[in-house]
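Everything on this sheet refers to the single structure shown next.
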Amino acid sequence: MSAHVLIIEDDLRIADWVRIYFERAGYTAEVVHDGQTGLNLARRLAPDLIILDLTLPRLDGVELCRILRQESDVPIIMLTAREAPAQRIIGLDSGADDYIVKPFDPREVIARSEAVLRRVQGKVQQQLTSGAISLNETTGAVTVNHVRVDLSQSQMALLATFMRHPNQVLTRDQLISLTFQHEFEGFDRAIDSQVARLRKRISHGGNQPIETVYGAGYRFVVEDE
Numbered sequence: 007m008s009a010h011v012l013i014i015e016d017d018l019r020i021a022d023w024v025r026i027y028f029e030r031a032g033y034t035a036e037v038v039h040d041g042q043t044g045l046n047l048a049r050r051l052a053p054d055l056i057i058l059d060l061t062l063p064r065l066d067g068v069e070l071c072r073i074l075r076q077e078s079d080v081p082i083i084m085l086t087a088r089e090a091p092a093q094r095i096i097g098l099d100s101g102a103d104d105y106i107v108k109p110f111d112p113r114e115v116i117a118r119s120e121a122v123l124r125r126v127q128g129k130v131q132q133q134l135t136s137g138a139i140s141l142n143e144t145t146g147a148v149t150v151n152h153v154r155v156d157l158s159q160s161q162m163a164l165l166a167t168f169m170r171h172p173n174q175v176l177t178r179d180q181l182i183s184l185t186f187q188h189e190f191e192g193f194d195r196a197i198d199s200q201v202a203r204l205r206k207r208i209s210h211g212g213n214q215p216i217e218t219v220y221g222a223g224y225r226f227v228v229e230d231e
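Following the numbering used here, the numbering of the sequence shown begins with 7 at its first residue and continues without gaps.
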């Protein structure tokens, strides 16, 4: 059975364009043009993937993404004409799995979608533990000193990257590539903001495991046990 894609995009031309490429690639695609209708259809169809515009009538993409993320783990890729890194942070923090800036090649949307679906479908139960921090990648549960901590999808992915590379200095470019599987042009400062938010979430007892290595990047410090 082909994967079912829901495209929520208010630009009719772009929506139809993306739908055609998905159907050519063997997917079943549905299109709606406002956020509220998109939410209703997502709840009814339970699609395998959602392509979501950031700016929508009736219910904007960020709020819609937050609602969807509270209700399910459906992969979400955001489309937007906004190039500012701050908008990318908002999109990722709302729970989006990936982010594509308009104008784009629809083949890139297909390639990114397939990569996201592979990650989701190939995910196995995996528990990462480092000192007081524990992350279950399947359930999305993160605990610090046995206390549950709520993280966005992008923060969780970033934490997993750090935990898989303990005591290694990772540049911004490496963090972007390892976490999001591709490059974001001009996204290095957005990564700084993501790291700052993550630090606030996982600090404990005066300890901060993510340290800045000036002129180089960041390091997730793990003490020898």
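We put the CB at the ideal spot given by N, CA and C, even for glycine. No experiment lies behind these values; they were computed from the predicted model shown.
Spatial distance of S199 from T167 (CA atoms): Sequence index remark: in the sequence shown, residue 199 carries index 193 (1-based). Sequence index remark: in the sequence shown, residue 167 carries index 161 (1-based). Spanning the two alpha carbons is a distance of roughly 16 angstroms.
Just verifying my parser: in three-state terms, what is the DSSP assignment at G44? On the sequence shown, position 38 is the one that residue 44 refers to. Helix.
Any idea what DSSP makes of E77, helix, strand or coil? Mapped onto the sequence shown, residue 77 falls at position 71. Helix, per DSSP.
What did DSSP end up calling E231 once you bin it into helix, strand or coil? In the sequence shown, residue 231 corresponds to position 225, counting from 1. The predicted position of E231 is uncertain, since its pLDDT is 49 and thus under 50; a value taken from the coordinates is nonetheless stated next. Three-state DSSP puts E231 in coil, outside helix and strand.
Over what stretch of residues does the alpha helix (DSSP H) that includes Q161 continue unbroken? On the sequence shown, position 155 is the one that residue 161 refers to. Q161 -> alpha helix (DSSP H) spans 159-170.
According to DSSP, is S136 part of a helix, a strand, or is it coil? Here residue 136 refers to the residue found at position 130 of the sequence shown. Of the three classes helix, strand and coil, the one that applies to S136 here is strand, per DSSP.
Decide if the region 22-36 is in contact with the region 94-102; the criterion is three or more beta carbon pairs, one per stretch, under 8 angstroms apart. No, because fewer than three Cβ pairs between the region 22-36 and the region 94-102 fall closer than 8 angstroms, the two stretches do not touch.
Check whether the Cβ atoms of R207 and L141 sit closer than 7 angstroms, and answer yes or no. Along the sequence shown, read from residue 1 onward, the residue named residue 207 stands at position 201. Along the sequence shown, read from residue 1 onward, the residue named residue 141 stands at position 135. It is not a contact, given that the beta carbons lie outside the stated cut-off.
Name, in chain order, the residues that DSSP records as bridge partners for R225. Looking up residue 225 in the sequence shown gives position 219. Looking at the DSSP assignment, R225 forms a beta bridge with V175, E217.
Excluding the 5 residues flanking E237 on each side, which residues of the same chain have their C-beta closer than 6 angstroms to its C-beta? A query on residue 237 cannot be resolved here, the shown segment of the chain reaching from 7 to 231 and no further.
Can you list, in chain order, the residues of its chain with a C-beta nearer than 6 angstroms to that of F28? Leave out the 5 residues immediately preceding and following it. Position 22 of the sequence shown, counted from the first residue, corresponds to residue 28. Around F28: V11, A35.
Could you spell out where the beta strand (DSSP E) holding A147 opens and where it closes? Indexing the sequence shown from 1 puts residue 147 at position 141. Element bounds for A147: 147-150.
If you measure between the beta carbons of V132 and E114, is that distance less than 7 angstroms? Within the sequence shown, the letter at position 126 stands for residue 132. Within the sequence shown, the letter at position 108 stands for residue 114. Note that residue 132 is Gln in the sequence shown here, rather than Val. No, these two residues do not count as a Cβ contact at 7 angstroms.
Looking at C-beta atoms only, is the number of pairs between the region 43-62 and the region 114-123 that lie closer than 8 angstroms three or more? yes
Pick from G137, T43, R203, V201: whose alpha carbon is nearest that of H152? Translated into positions along the sequence shown, residue 152 becomes position 146. With distances taken between Cα atoms, H152 lies closest to G137.
Under the three-state DSSP convention, the category T86 falls into: What you label residue 86 is simply residue 80 of the sequence shown in a count that begins at 1. Here DSSP, grouped into helix, strand and coil, assigns T86 to strand.
Burial state of A26 (16 or more Cβ within 10 Å): The sequence position of residue 26 within the sequence shown is 20, counting from 1. According to the sequence shown, residue 26 is Ile rather than Ala. Its Cβ having fewer than 16 others within 10 Å, I26 is exposed.
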